[in-house]
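Participant: So the sequences go chain by chain: A and B. With this note's numbering, you'll find the first sequence wraps up at 1538, consecutive numbering, no jumps. With this note's numbering, you'll find the second sequence wraps up at 264, consecutive numbering, no jumps. Don't be surprised by glycine CBs; every beta carbon is placed ideally from N, CA and C.
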Amino acid sequence: DAKTTQPTSMDCAEGRAANLPCNHSTISGNEYVYWYRQIHSQGPQYIIHGLKNNETNEMASLIITEDRKSSTLILPHATLRDTAVYYCIVMAGGSYIPTFGRGTSLIVHP
Amino acid sequence: AAGVIQSPRHLIKEKRETATLKCYPIPRHDTVYWYQQGPGQDPQFLISFYEKMQSDKGSIPDRFSAQQFSDYHSELNMSSLELGDSALYFCASSPPPRGFALSYEQYFGPGTRLTVT
């Protein structure tokens, strides 16, 4: 699976959009981009995933660049409850074990 | 919506004792995964089961074993417990793939906090 690079930490004001970047320059054609988050001491939570098209669900939007070498997770209206560690994980199609590591600690402040 | 259920939520054991953690996946999910998360660490994959058969193995110690039953629930058995086994243990489940999709998302339970003294 391709390696990913994320900023160690970010902060965002409540009610504003949180844009979390992820670099995956070595991604190959059959690899998906997944986003999970983990609120302190809770189980990781699946957010969204995509292959090459932008995706949106009730939680977030995923924007993948045309060359697929980077992506951005967008939380449109961040709340205090969105404070968590966000993991960007790249996995090949058919692979189903995410490797968690070095995510972005997002702090949403009032 | 139904979520993954784990029991117990908290468990305290002494060194060299055994422990059994239980996981009940979301209904109609056929794959179960176990993860271990030590203090200040990221979740580490231990083992997974698909249709009651072990499907993948991660960094699971030989002292640990697991199985998935006919009702799809899973148990993680831990023997000869060591202080270093103190951690959060998460179970996750995933649904069967839809159509030709080759993507899998996992849904995690709340975890069992194991403390070994």
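Just checking my contact of GLU198(B) with ASP177(B) at CB under 8 Å: how many whole Å lie between their CB atoms?
Facilitator: Confirmed, Cβ separation roughly 6 Å.
Participant: How would you list, in chain order, the residues of chain A whose beta-carbon sits under 7 Å from the beta-carbon of SER212(B)?
Facilitator: Those do not exist, as SER212(B) stays about 19 Å from chain A at its closest Cβ, beyond 7 Å.
Participant: Let's see if you can read the secondary structure: which residues bound the beta strand (DSSP E) around PRO1449(A)?
Facilitator: PRO1449(A) -> beta strand (DSSP E) spans 1446-1451.
Participant: Note down, in chain order, each residue of its chain lying with its Cβ closer than 6 Å to the Cβ of VAL1536(A), except the 5 sequence neighbours on either side.
Facilitator: Taken in chain order, the residues that qualify are CYS1440, GLU1442, ALA1506, LEU1508, ASP1510 and THR1511.
Participant: Give me, in chain order, the residues of the same chain whose beta-carbon lies closer than 7 Å to that of ILE1491(A); leave out the 5 immediate sequence neighbours on both sides.
Facilitator: If we look at ILE1491(A) and ignore the five residues flanking it on each side, its Cβ neighbours are ASN1482, SER1499, THR1500 and ILE1502.
Participant: Would you call the region 1448-1467 of chain A in contact with the region 1514-1531 of chain A, where contact means no fewer than 3 C-beta pairs closer than 8 Å?
Facilitator: Because the criterion of three Cβ pairs below 8 Å is met, the region 1448-1467 of chain A and the region 1514-1531 of chain A touch.
Participant: From the DSSP output, in three-state form, read off ASP203(B) for me.
Facilitator: The answer is strand: DSSP assigns ASP203(B) an E or B state.
Participant: Is it true that the CB of LYS1497(A) sits closer than 8 Å to the CB of SER1453(A)?
Facilitator: For SER1453(A) and LYS1497(A), yes; Cβs fall inside 8 Å.
Participant: Distance cutoff 8 Å, beta carbons only. Does SER206(B) sit that close to anything in chain A?
Facilitator: Cβ-Cβ to chain A under 8 Å: no for SER206(B).
Participant: Kindly indicate which three-state DSSP category LEU193(B) falls into: helix, strand or coil?
Facilitator: In the structure shown, LEU193(B) sits in a strand (DSSP, three-state: E or B).
Participant: Let me see if you follow: with CB-CB separation under 8 Å, is SER241(B) close to chain A or not?
Facilitator: So yes, SER241(B) belongs to the interface.
Participant: I'd like the list of long-range same chain contacts for ASN1451(A), defined as Cβ closer than 6 Å, with 5 residues on each side in sequence excluded.
Facilitator: For ASN1451(A), where only same-chain residues beyond five positions count, the Cβ hits under 6 Å are THR1433 and SER1498.
Participant: Any beta-carbon of chain A closer than 8 Å to the one on LEU158(B)?
Facilitator: So, not an interface residue.
Participant: Could you tell me which chain A residues have their CB closer than 7 Å to the CB of GLY187(B), listed as they occur along the chain?
Facilitator: Going along chain A, no residue has its Cβ under 7 Å from GLY187(B), so there is no contact; the nearest lies around 11 Å.
Participant: In or out: ALA1446(A) buried (at least 16 other Cβ within 10 Å) or exposed?
Facilitator: Buried, by the Cβ-count rule.
Participant: Only counting the same chain, and skipping five residues up and downstream in sequence, which positions put a Cβ closer than 6 Å to that of PRO1449(A)?
Facilitator: If we look at PRO1449(A) and ignore the five residues flanking it on each side, its Cβ neighbours are THR1500.
Participant: I'd like to confirm the pairing. Which residues does DSSP put opposite TYR1464(A) in its beta bridges?
Facilitator: Answer is TYR1474(A) and TYR1515(A).
Participant: At what residues does the beta strand (DSSP E) containing LEU1534(A) begin and finish?
Facilitator: 1532-1537 is the extent of the beta strand (DSSP E) around LEU1534(A).
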